[in-house]
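A short worksheet on the structure shown next.
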Amino acid sequence: MAQAGLFSASQMIDIAIQTEQAGHAFYEAAVQHSDEPQVKSLCQWLGEEELTHEQTFRHMGQNLPPEIEPKEWPGERAEFIDALLGSRFMPSPEQAQALVQDMSAQDILDFALTFEKDTIIFFYEMREMVPDGAVDQVNEIIAEEKAHVSRILKAKQALA
Amino acid sequence: MLLALTGQEILQIAIETERQGAVFYERLATSAQDQRVKEECQRLVAFEREHEKTFRRLLGQRDVQRALDSLQPGQLSDEYQQYLSALIDSNMLPDEETAQRLAEEAESEVAAINIALQMEKNTILFYQELQNLLGEQAGVLQAILDEERSHVYELNELKTYLQD
Numbered sequence: 342m343a344q345a346g347l348f349s350a351s352q353m354i355d356i357a358i359q360t361e362q363a364g365h366a367f368y369e370a371a372v373q374h375s376d377e378p379q380v381k382s383l384c385q386w387l388g389e390e391e392l393t394h395e396q397t398f399r400h401m402g403q404n405l406p407p408e409i410e411p412k413e414w415p416g417e418r419a420e421f422i423d424a425l426l427g428s429r430f431m432p433s434p435e436q437a438q439a440l441v442q443d444m445s446a447q448d449i450l451d452f453a454l455t456f457e458k459d460t461i462i463f464f465y466e467m468r469e470m471v472p473d474g475a476v477d478q479v480n481e482i483i484a485e486e487k488a489h490v491s492r493i494l495k496a497k498q499a500l501a
Numbered sequence: 290m291l292l293a294l295t296g297q298e299i300l301q302i303a304i305e306t307e308r309q310g311a312v313f314y315e316r317l318a319t320s321a322q323d324q325r326v327k328e329e330c331q332r333l334v335a336f337e338r339e340h341e342k343t344f345r346r347l348l349g350q351r352d353v354q355r356a357l358d359s360l361q362p363g364q365l366s367d368e369y370q371q372y373l374s375a376l377i378d379s380n381m382l383p384d385e386e387t388a389q390r391l392a393e394e395a396e397s398e399v400a401a402i403n404i405a406l407q408m409e410k411n412t413i414l415f416y417q418e419l420q421n422l423l424g425e426q427a428g429v430l431q432a433i434l435d436e437e438r439s440h441v442y443e444l445n446e447l448k449t450y451l452q453d
């Protein structure tokens, strides 16, 4: 995806938007299909959070200064970012619907946990790319994604 | 103290993380049919063992333990402590038996690589927080983090190779 280790802030923000959209798609499908009230309620909340994050990133992208140069990461770091993005499963709404059909409540939570952790790792990388003025917003979103991890794990432990 | 854990206990968690990683890769190196998978896993075993040694050295460094022990619960939000707890509790390889079992019972080499990828990512997340918490004492963690990131890249390449 990156040209020889070159990543732009707007590219990373676009990926962040797609990430939040994929999260929302999955959580919406989980709300529709899960029979477990705790999981439905948690996924409802998670889906709403992802929508809010998507809006934050859209606003961030719209307010990017035009003169920001793409950042060139050292080769290994760029390879890591590519691998990180390549190793994630980002469902479309249609894929999410098909995916959750065969999922138990624990499967849904396991998928959500993996998804949220992948997202946090990506946002840590993204934080290096955005203008200084946007770093606080990214930090806030990272903190919120961490809260998602905690709540998902609590739900897993409660269901076990 | 953080999460009611001493600095020594937190470093011990890192040691166990690396040790179980080595057990997983060792088992996978034995059971894998594909030569490239075997070789890659053997490389990763060596890395995990080196990381374990590094964390053991940190155990002997008073400054590092003091830095962790000096963290007061009030300095960190409940939410943050819950997150750290969640990272520790959702470790995929909590013990040697689980590490071996997951490597042996993976339905395919790709499935095993997926487990390894999640394991490495969880480790990255944990060490990133450890780095944040240790501040000035965190120097050696940067090299470990860089190596863990390269493991994600290598494992993803291996997965792509197996799926082609």
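Top line first, the protein sequences correspond to chains A and B. 342 is the number of the first residue of the first sequence in the working numbering; add one for each residue after it. 290 is the number of the first residue of the second sequence in the working numbering; add one for each residue after it. Cβ atoms here follow ideal geometry from the backbone N, Cα and C, with glycine treated the same way.
With DSSP as the reference, identify every bridge partner of residue i, one or two as the case may be.
i: A/Phe-456; result: The partner list for A/Phe-456 (beta bridge, DSSP) is empty, contrary to what the question assumes.
i: A/Lys-412; result: A/Phe-348
What are the boundary residues of the alpha helix (DSSP H) that includes residue i?
i: B/Glu-398; result: 398-423
i: A/Pro-378; result: 378-403
i: B/Gln-322; result: B/Gln-322 -> no alpha helix (DSSP H), and no H or E assigned at all.
i: A/Val-441; result: 434-442
i: B/Gln-354; result: 351-358
Helix, strand or coil: how does DSSP classify residue i here?
i: B/Glu-368; result: helix
i: B/Lys-448; result: helix
i: B/Ser-462; result: With chain B running from 290 to 453 in the structure shown, residue 462 of chain B is simply not present.
i: A/Ala-501; result: coil
i: B/Met-381; result: coil
i: A/Glu-469; result: coil
i: A/Ser-428; result: coil
i: A/Asp-477; result: helix
i: A/Asp-451; result: helix
i: A/Ala-366; result: helix
i: B/Asp-453; result: coil
i: A/Ser-375; result: coil
i: A/Ser-445; result: coil
i: B/Arg-338; result: helix
i: B/Ala-395; result: coil
i: A/Arg-492; result: helix
Classify residue i: buried if its beta carbon has 16 or more other beta carbons within 10 angstroms, exposed otherwise.
i: A/Met-342; result: Because the pLDDT at A/Met-342 is just 44, under 50, the model does not fix this residue reliably, and the point stays unresolved.
i: B/Lys-342; result: exposed
i: A/Gln-362; result: buried
i: B/Thr-295; result: exposed
i: B/Gly-428; result: exposed
i: A/Glu-389; result: exposed
i: A/Ser-491; result: buried
i: A/Ile-482; result: buried
i: A/Pro-472; result: exposed
i: A/Ile-462; result: buried
Which same chain residues, not among the five before or five after residue i, have their C-beta less than 7 Å away from its C-beta?
i: A/Ala-499; result: Gln-379
i: B/Leu-444; result: Ile-402, Ala-405, Leu-406, Glu-409
i: B/Arg-308; result: Glu-341
i: A/Val-476; result: Arg-468
Here's a check: name, in chain order, each residue in its chain whose Cβ is nearer than 6 Å to the Cβ of residue i, leaving out the five neighbours to either side.
i: B/Ala-311; result: Val-334, Glu-337, Arg-338
i: A/Ile-354; result: Phe-398, Met-401, Gly-402
i: A/Asp-459; result: Arg-429
i: A/Glu-466; result: Ile-422
Quick one: what's got a C-beta closer than 8 Å to residue i's C-beta in the same chain, skipping five residues either side?
i: B/Thr-306; result: Asn-380, Leu-382, Thr-412, Phe-415
i: B/Ile-304; result: Glu-341, Phe-344, Arg-345, Leu-348
i: B/Leu-430; result: Tyr-416, Leu-419, Gln-420, Leu-423
i: B/Arg-316; result: Ala-388, Gln-389, Ala-392, Glu-393
i: A/Ile-358; result: Glu-395, Phe-398, Arg-399, Gly-402
i: A/Leu-454; result: Val-490, Ile-493, Leu-494, Lys-497
Counting contacts by CB-CB distance shorter than 8 Å, is residue i in contact with chain E?
i: A/Val-490; result: Structure shown: chain E not included; protein chains present are A and B.
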